[in-house]
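Peer 1:
In our numbering, the protein residues as written are 27 to 137.
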């Protein structure tokens, strides 16, 4: 979702999504059996997340539809799927791994 305080972050994500689609389409039209997909992680419990205090973490979790931060293994599993033969017909996809955040209404208030 868009945020006036994160213009460069939003522009960067949009560029990654468009680049993914462009490379995927180009590879397919050239007859290359190369898939190009992107994974868009949401709030994930990484060392960067450790910098937040308990109150910030709780507020962050309330803003995510599944009400928690993701785990690094959940992102890794999405990447492993996209890199596997099971995803051989998947290309040009930007897959959010964000607990439903990208599907939610950013204007909703947390419960």
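C-beta atoms are modelled at their ideal positions from N, C-alpha and C, and glycine is treated no differently. Just so it is clear, the structure is predicted and the values come from calculations on it, not from any experiment.
So within the stretch 30-89, which uninterrupted beta strand (DSSP E) runs reach at least 3 residues, ignoring any that extend past its ends?
Peer 2: 64-67
Peer 1: Please look up how many angstroms separate the CB atoms of residue 87 and residue 93, rounded, as I've assumed it's under 8 Å.
Peer 2: 5 Å
Peer 1: What's the C-alpha gap between residue 37 and residue 119?
Peer 2: 18 Å
Peer 1: Do residue 98 and residue 72 have their C-beta atoms within less than 8 Å of each other?
Peer 2: Yes, the pair counts as a contact, with Cβ atoms nearer than the cut-off.
Peer 1: Between the Cα of residue 70 and the Cα atoms of 128, 104 and 124, which residue gives the shortest distance?
Peer 2: 124
Peer 1: Name the DSSP beta bridge partners of residue 96, please?
Peer 2: 70
Peer 1: Buried or exposed: residue 126, going by 16 or more other Cβ atoms within 10 Å of its Cβ?
Peer 2: Burial call: exposed.
Peer 1: Look at the alpha carbon of residue 129 and the alpha carbon of residue 77, and state the distance between them as a whole number of angstroms.
Peer 2: 26 Å
Peer 1: Could you spell out where the beta strand (DSSP E) holding residue 120 opens and where it closes?
Peer 2: Run containing residue 120: 120-123, per the beta strand (DSSP E) assignment.
Peer 1: Given that a residue counts as buried once 16 or more other Cβ atoms are within 10 Å of its Cβ, and exposed if not, what is residue 57?
Peer 2: That one is exposed.
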